[in-house]
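Per the numbering used here, the sequence shown starts with residue 37, numbered consecutively. Glycine residues also receive a C-beta, built at the ideal position from the N, C-alpha and C atoms. Quick caveat: nothing in here was measured; it's all calculated off a predicted structure.
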Amino acid sequence: MAPRHPRRFWIAAMVAAAITTGCMPLGLPRTIVITEAQLQEKLAEHFPVQQRLMAVLDIEVQRPQVRLLPERGRVAAVLNVDATERLSRKRLRGRLDADSQLRFDPRDMALKLSGVRVSTLDVQDAGGNWPAPLHNAALLLAEQLLEGQVVWRASASQAERLARLGVQAVDVQVTSRGIEITLDAAAAGALPD
């Protein structure tokens, strides 16, 4: 039996298809979920990070191991650190534990670390711990090195569409599912599933 109003049937079918495929062009909010595994993979692209401290110490921070902290709205990371004293060429190895909030930067169409806190920087040589002033300076440098690091970036085509739509307001939440990025209403439908 044919539908009584074929035009209405096709319109309803197209709307249903748009809703089920996530392509609804009505300006509804859109959420992107980045899982812990996806975040780990993306972070690997941006490491190692190198920095010189007071022209005396070269520090290299290796790829982190990440975990989500949804109860605190933060992401935690454990990173291996190599440091070389430039005068003696003595190498130091250690571990850095840090956590951070995340923010979306609409200029770069990227998700970045924000409010980085280093809780542990355990770098030891065969003779014992670093002197306190050097250790404290290294803690501050580690936070500065990590602050603003990109952890996710929209693809070129996604970034172009988001920029064209003028996306500015983006809500970023760390949940048990992953990092949820909810685009403002103007950007709904800009990204494919």
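Assigned with DSSP and collapsed to three states, Gln101 falls in strand. Going by beta carbons, Leu182 and Val152 fall inside the 8 Å limit. With respect to Leu132, Ala119 sits apart: the two C-beta atoms are not nearer than 8 Å.
Secondary structure of Gln204 (DSSP, three-state): coil. Residue burial is scored here from C-beta neighbours: Ser136 has at least 16 other C-beta atoms within 10 angstroms and is therefore classed as buried.
By the Cβ test, the stretch 96-110 is in contact with the stretch 73-83, since at least three Cβ pairs between them sit closer than 8 Å.
Distance from the CA atom of Ala113 to the CA atom of Leu138, rounded to whole angstroms, is 13 Å. Met145 is classed as buried because its beta carbon has at least 16 other beta carbons within 10 Å across all chains shown. In the three-state reduction of the DSSP assignment, Lys126 falls in the coil class, being assigned neither a helical nor a strand state. Residue environment: Lys148 is assigned as buried (16 or more neighbouring CB atoms within 10 Å of its CB, all protein chains considered).
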